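Residue numbers (our numbering): 32 to 148.
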């Protein structure tokens, strides 16, 4: 940026875009909440009536059940290690600390806006 006026213009443009994004994010958040509530009702109906699929105009709504792994936090890690090492707290503490201390770190650079309240 060559001049102060160009910098001010770019900052103002960024703020306008940020405001617009915040408004749209709130709209999306509200819509997702409504969709979640409707999805719960739909899933309950599909489960109780053993319906796997609804055909709709441009595709279908499919009820699918899948298993996923929970996130691994410190408490879960130490609990699992304690079971594995059959209560040997030295090994549990040592290995747990090693795993937590040697996790990969990622550096992200961003610009965010603090709004005065």
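Built from N, CA and C at the ideal position, the CB exists for glycine as well. Source: prediction; values computed, not measured.
Taking the straight line between their C-alpha atoms, what separation do you get for residue 128 and residue 103? For the purposes of this step, residue 128 is taken as residue 97 along the chain shown, with counting starting at 1. For the purposes of this step, residue 103 is taken as residue 72 along the chain shown, with counting starting at 1. When rounded, the distance between both Cα atoms is 14 Å.
Could you check the C-alpha separation between residue 93 and residue 85 for me, to the nearest Å? Along the chain shown, one-based indexing puts residue 93 at 62. Along the chain shown, one-based indexing puts residue 85 at 54. Cα-Cα distance, rounded: 6 Å.
Quick check: the Cα distance between residue 59 and residue 135, rounded to an integer number of angstroms? Counted from its first residue, the chain shown places residue 59 at position 28. Counted from its first residue, the chain shown places residue 135 at position 104. Taking the straight line from one Cα to the other gives about 32 Å.
I'd like to know whether the C-beta atoms of residue 133 and residue 123 end up nearer to each other than 8 Å. As a working mapping, residue 133 is identified with position 102 in the chain shown. As a working mapping, residue 123 is identified with position 92 in the chain shown. No, they are not a contact pair.
Just to confirm before moving on: does the CB-CB distance between residue 126 and residue 105 stay below 8 Å? For this step, residue 126 is matched to residue 95 along the chain shown. For this step, residue 105 is matched to residue 74 along the chain shown. No, they are not a contact pair.
At which residues does the alpha helix (DSSP H) containing residue 116 begin and terminate? Position 85 of the chain shown, counting from 1, holds the residue named residue 116. That residue, residue 116, is in no alpha helix (DSSP H); it is neither H nor E in DSSP.
Determine the DSSP secondary structure at residue 97, reduced to helix, strand or coil. The sequence position of residue 97 within the chain shown is 66, counting from 1. Residue 97 falls in the coil class under three-state DSSP.
Quickly, what does DSSP pair residue 86 with across the bridge? List them, please. For the purposes of this step, residue 86 is identified with residue 55 of the chain shown, where counting begins at 1. BP columns for residue 86 point to 91.
In the DSSP assignment, find the alpha helix (DSSP H) that holds residue 53 and state where it starts and stops. Translated into the one-based positions of the chain shown, residue 53 becomes position 22. Element bounds for residue 53: 35 to 79.
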